[in-house]
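Below is one structure; the comments refer to it alone.
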Amino acid sequence: MLVKICGMTSQASADLCQQDGVKMLGFIFHPSSPRNIEPPQARSIQTSGVLRVGVFVRQSAEDILRTMDKARLDIAQLAGNFDEELCARIGAERVMPVFRPEAHSTRQSLEQDLARYSALMRYALLDAGSIGGGHGRALNFSQLQGLISPVPWLLAGGLSPQNLGQALAEARPAGLDLNSGLEAAPGRKDPTKVHEALSIIRALDE
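Numbering (our numbering), first residue to last: 39 to 244.
Laid out in structure tokens, this is it:
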């Protein structure tokens, strides 16, 4: 099970997540977000053996690549407008586009959208809402069961220890993207919530 915890703003939060075996850490590069971080600060946060993911909303390919270099990022999570050209510019092995099931009228439409990017992404992420991100609410998990995706996909949106069991049982994603549901305050992860969430995931993933 791939687990990404997003909204890293401090070494303390990064250390907490790494100690619990998280595979991906996310850094948000979007000024209007309360978890926004500047590239030099992100670069200064030390990690080992995890994928460093940058969340981008409306930046150009040049800005994304520049930030990835400055912040030592492995993957660009494209949470805003993106197209095939942008993904190709960044490189398929470095791209995780955000797809929004609620923006599609049918399951087939969503799967066709995923298939269109099959050669242009390493992972896909499914989140709530029709545009933007950070809505803090969950998708309809049962509607995602059996989703056909050309790459491993992560489930995001309103996930917390309270609904992780349901999310894993019904949606059956390859991974989970957790953020606000594990916080004591924006950008500051709560140790108790992190430990609880990862214990639930480990128990259900056995």
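All residues carry an ideal CB built from backbone N, CA and C; glycine is no exception.
Counted within 10 angstroms of its Cβ, other Cβ atoms place residue i as buried (16 or more) or exposed
| i | result |
| --- | --- |
| ALA222 | exposed |
| GLY87 | exposed |
| SER198 | buried |
| LEU242 | exposed |
| GLN146 | exposed |
| GLY64 | buried |
For residue i, the first and last residue of its enclosing beta strand (DSSP E)
| i | result |
| --- | --- |
| LEU164 | 162-164 |
| GLU42 | The sequence shown places Lys at residue 42, not Glu. Start and end: 40-43. |
| VAL232 | Looking at the DSSP string, VAL232 is not in any beta strand (DSSP E); the run it does join, the alpha helix (DSSP H), is 229-243. |
| ARG73 | Note, ARG73: premise wrong, no beta strand (DSSP E); not H, not E. |
| PHE67 | Unbroken run through PHE67: none, as it is neither H nor E. |
| VAL88 | That residue, VAL88, is in no beta strand (DSSP E); it is neither H nor E in DSSP. |
Continuous alpha helix (DSSP H) stretch holding residue i: start and end
| i | result |
| --- | --- |
| LYS108 | 99-109 |
| PRO78 | 77-82 |
| ASP58 | That residue, ASP58, is in no alpha helix (DSSP H); it is neither H nor E in DSSP. |
Alpha carbon of residue i to alpha carbon of residue j, nearest angstrom
| i | j | result |
| --- | --- | --- |
| SER284 | PHE137 | Here the chain covers residues 39 to 244 and nothing more, so residue 284 does not appear. |
| ARG175 | ASN217 | 11 Å |
| PRO77 | LYS108 | 6 Å |
| ILE83 | SER237 | 25 Å |
| GLY203 | ARG240 | 11 Å |
| PRO135 | LYS61 | 18 Å |
Proximity of residue i and residue j at Cβ, strictly below 9 Å
| i | j | result |
| --- | --- | --- |
| ALA99 | ARG127 | yes |
| SER180 | ALA212 | no |
| ALA130 | ARG160 | yes |
| LEU185 | ASP215 | no |
| GLY92 | PHE67 | yes |
| GLY225 | SER48 | yes |
| GLY167 | ALA141 | yes |
| SER75 | LEU220 | First, the residue type needs correcting, since residue 75 is Ile and not Ser in the sequence shown. Their beta carbons are not under 9 Å apart, which means ILE75 does not touch LEU220 by this criterion. |
Legend entry - Runs of alpha helix (DSSP H) lying entirely within the region 115-166, each at least 4 residues, in chain order: 122-128, 145-154
Inset, instruction - Counting only runs of 3+ residues fully inside the region 173-219, write out the beta strand (DSSP E) ranges in chain order. - result: 191-193, 213-216
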